[in-house]
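Participant:
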Amino acid sequence: MKAKNNPRENGQAIVLIAFSLIVLVAMAGLAIDGGMVYSDRRHAQNAADSGALAGAGAAALSMENNHVFYSSFTCGSSGVNAAIAQAETAAENLMLANEYTSADVSVTTDCQVTDDYFAEKYIDITTHITRTTQTFLIRVVYSGDVVQTVTATTRVKPRAPLAFGHAIVGLNPGDGSCAANVEGVKLGGTGNLHIVGGGVWSQGCLAVIGDCSVDVEDGGISFGGGSHGSCGDITPAPTHQNEILPEDSYLVD
Numbered sequence: 000m001k002a003k004n005n006p007r008e009n010g011q012a013i014v015l016i017a018f019s020l021i022v023l024v025a026m027a028g029l030a031i032d033g034g035m036v037y038s039d040r041r042h043a044q045n046a047a048d049s050g051a052l053a054g055a056g057a058a059a060l061s062m063e064n065n066h067v068f069y070s071s072f073t074c075g076s077s078g079v080n081a082a083i084a085q086a087e088t089a090a091e092n093l094m095l096a097n098e099y100t101s102a103d104v105s106v107t108t109d110c111q112v113t114d115d116y117f118a119e120k121y122i123d124i125t126t127h128i129t130r131t132t133q134t135f136l137i138r139v140v141y142s143g144d145v146v147q148t149v150t151a152t153t154r155v156k157p158r159a160p161l162a163f164g165h166a167i168v169g170l171n172p173g174d175g176s177c178a179a180n181v182e183g184v185k186l187g188g189t190g191n192l193h194i195v196g197g198g199v200w201s202q203g204c205l206a207v208i209g210d211c212s213v214d215v216e217d218g219g220i221s222f223g224g225g226s227h228g229s230c231g232d233i234t235p236a237p238t239h240q241n242e243i244l245p246e247d248s249y250l251v252d
């Protein structure tokens with residue numbers, strides 16, 4: 000018996016083959032062009048990271064050469080502005096050296112001085128790279144540009160004295176009860192304590208007992224936990240702070 004042909008089925012195989020080819024090309028595009036996109040992004044991120052580090056290094060060196068230290072760090076000052084300018088130049092030059100153009104890269108900076116008792120002073124250097132990746136096979140299903148943007152930020156701080164310059168420091172926070180001799184700082188006896196250009200800081204308890212004399216010039220006496228007792232003469236008066244000494248101010252690698 001002879002099969003009857005349906006004229007509406009003519010060319011059906013061609014349509015299926017065409018769709019199959021599109022799917023195959025799209026899958027190949029995801030593999031090949033996707034790999035190119037990932038590679039370009041990784042290269043851009045490495046360049047942005049290196050640029051941010053170069054900028055931070057230039058800023059730190061500039062502050063050191065211009066004697067911009069923690070005590071003299073002020074946003075907008077000539078020394079800080081010079082450090083920012085050096086950071087921007089160094090960061091941009093390094094990114095340009097990694098085969099990017101001035102249209103691809105940019106550098107932003109942010110200078111901050113916080114209002115905390117232990118004020119944070121720093122410059123943030125942020126690098127940006129925006130680049131269009133050239134694609135090939137994926138254009139069969141997507142004709143738009145593949146634009147990638149990466150950023151990196153490095154923070155640089157001015158050189159600061161150990162423990163913010165405090166001459167006497169107690170780091171054990173304890174429980175604030177001042178019940179033991181290991182919880183912070185204990186000042187007592189009948190001796191005289193005279194500190195010039197420093198201060199006293201207790202992370203926990205500040206115990207002041209006996210007939211002692213404590214005098215601090217160009218500094219303060221502060222604590223983060225509890226306090227008890229009295230002393231014959233203590234200047235200035237101890238103050239409580241709802242903060243703790245930042246670890247990076249006393250930890251030495």
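Per numbering that gives the first Met the number 0: the sequence shown = residues 0 to 252. Note that the Cβ used here is the ideal one computed from N, Cα and C, for glycine as well.
Would the segment 65 to 81 count as touching the segment 93 to 102 if we require 3 or more Cβ pairs under 8 Å?
Facilitator: At 8 Å Cβ cutoff, the stretches do not touch.
Participant: Nearest CA to the CA of Ala58: which residue from Gln44, Arg40, Ser77 and His42?
Facilitator: Here residue 58 corresponds to residue number 59 of the sequence shown, with the count starting at 1. When only C-alpha atoms are compared, the closest one is Ser77.
Participant: Using CA atoms only, rank isn't needed, just tell me which of Ile243, Ala90 and Val79 is closest to Ala152.
Facilitator: By 1-based counting over the sequence shown, the position of residue 152 is 153. Correcting the residue identity first, residue 152 is Thr in this sequence and not Ala. The option with the nearest alpha carbon to Thr152 is Ala90.
Participant: Taking just the CA atoms, how far does Cys110 sit from Val79?
Facilitator: Locating residue 79 in the sequence shown gives position 80, where the first residue counts as 1. Locating residue 110 in the sequence shown gives position 111, where the first residue counts as 1. Cα to Cα, Val79 sits roughly 9 Å from Cys110.
Participant: For the alpha helix (DSSP H) holding Leu93, just list the boundary residues, first then last.
Facilitator: Locating residue 93 in the sequence shown gives position 94, where the first residue counts as 1. Here the alpha helix (DSSP H) through Leu93 covers Ser77 to Leu95.
Participant: So, at 7 Å on beta carbons, what are the nonlocal neighbours of Lys156 in its own chain, with the 5 sequence-adjacent residues on each side left out?
Facilitator: For this step, residue 156 is matched to residue 157 along the sequence shown. Lys120 and Tyr121.
Participant: Ordered along the chain, which non-local residues of its own chain (more than five positions away) have a Cβ less than 8 Å from that of Ala86?
Facilitator: For the purposes of this step, residue 86 is taken as the residue at position 87 of the sequence shown. Cβ neighbours of Ala86 beyond the five flanking positions: Gly54, Ala55, Ala57, Ala58, Ser61, Val106, Thr108, Ile122, Ile124 and Val155.
Participant: Taking Pro172 as the reference, give the member of Leu250, Val36, Phe222 and Pro237 with the closest Cα.
Facilitator: Against the sequence shown, residue 172 aligns to sequence position 173. Measuring from the Cα of Pro172, the nearest candidate turns out to be Phe222.
Participant: In the DSSP output, what is Leu186 paired with across the bridge?
Facilitator: Here residue 186 refers to the residue found at position 187 of the sequence shown. DSSP output for Leu186 lists Val207 as bridge partner(s).
Participant: Straight-line CA distance for Val195 to Ser38?
Facilitator: Counted from its first residue, the sequence shown places residue 195 at position 196. Counted from its first residue, the sequence shown places residue 38 at position 39. Straight-line Cα distance between these residues: approximately 58 Å.
Participant: Please state whether DSSP places Leu192 in a helix, a strand or coil.
Facilitator: Looking up residue 192 in the sequence shown gives position 193. Three-state result, Leu192: strand.
Participant: Are there 16 or more other CB atoms within 10 angstroms of the CB of Ile128, so buried, or fewer, so exposed?
Facilitator: As a first step, residue 128 must be located in the sequence shown, where it is residue number 129. Flag for Ile128 reads buried.
Participant: Give the C-beta separation of Val130 and Gln147 to the nearest angstrom, bearing in mind that I take them to be a contact with Cβ-Cβ under 8 Å.
Facilitator: Position 131 of the sequence shown, counted from the first residue, corresponds to residue 130. Position 148 of the sequence shown, counted from the first residue, corresponds to residue 147. Here the sequence assigns Arg to residue 130, which means Val is not the residue at that position. Sure, about 6 Å apart at Cβ, within 8 Å.
Participant: Identify which residue in Asn191, Val112, Tyr116 and Ala162 has its Cα closest to the Cα of Cys211.
Facilitator: Taking the sequence shown and counting its residues from 1, the one referred to as residue 211 is at position 212. Ranking the options by Cα distance to Cys211, first place goes to Asn191.
Participant: So, at 7 Å on beta carbons, what are the nonlocal neighbours of Gly225 in its own chain, with the 5 sequence-adjacent residues on each side left out?
Facilitator: Position 226 of the sequence shown, counted from the start, is the residue given in the question as residue 225. Excluding residues within five positions, the ones whose Cβ falls inside 7 Å are Gly175, Ser176, Cys177 and Cys204.
Participant: Less than 8 Å between C-beta atoms, sequence neighbours within five positions excluded: which residues of the same chain meet that for His239?
Facilitator: Residue numbering aside, residue 239 sits at position 240 when the sequence shown is read from its first letter. Within the same chain, His239 has close Cβ partners Ser221, Phe222, Gly223 and Ser226.
Participant: Could you check if Ile208 is buried or exposed, using at least 16 other CB atoms within 10 Å of its CB as the buried criterion?
Facilitator: Reading the sequence shown from its first residue, position 209 is the one you call residue 208. With fewer than 16 other Cβ atoms within 10 Å, it is exposed.
Participant: The beta strand (DSSP E) with Ile122 in it runs from where to where?
Facilitator: To locate residue 122, count along the sequence shown from 1; it is residue 123. Lys120 to Thr132 is the span of the beta strand (DSSP E), which, as asked, contains Ile122.
Participant: Taking the alpha-carbon of Ala166 as reference, which of Ala236, Gly219, Phe117 and Gly187 has the nearest alpha-carbon?
Facilitator: As a first step, residue 166 must be located in the sequence shown, where it is residue number 167. Ranking the options by Cα distance to Ala166, first place goes to Gly219.
Participant: Could you pull out every residue in the same chain whose Cβ sits closer than 6 Å to the Cβ of Ser49, ignoring the five residues on either side in sequence?
Facilitator: Counting from 1 along the sequence shown, the entry for residue 49 is found at position 50. Counting only Cβ-Cβ distances below 6 Å, and skipping sequence neighbours, we find Leu93.
Participant: Should Ala47 and Val149 be called a contact, given that it needs their Cβ atoms to be closer than 8 Å?
Facilitator: In the sequence shown, residue 47 corresponds to position 48, counting from 1. In the sequence shown, residue 149 corresponds to position 150, counting from 1. Yes, the pair counts as a contact, with Cβ atoms nearer than the cut-off.
Participant: Near Ala43, what residues of its chain come up, given a Cβ to Cβ distance below 7 Å and the 5 sequence neighbours on each side ignored?
Facilitator: The sequence position of residue 43 within the sequence shown is 44, counting from 1. So the list reads Ile128, Arg130, Gln147 and Val149, once near-sequence residues are dropped.
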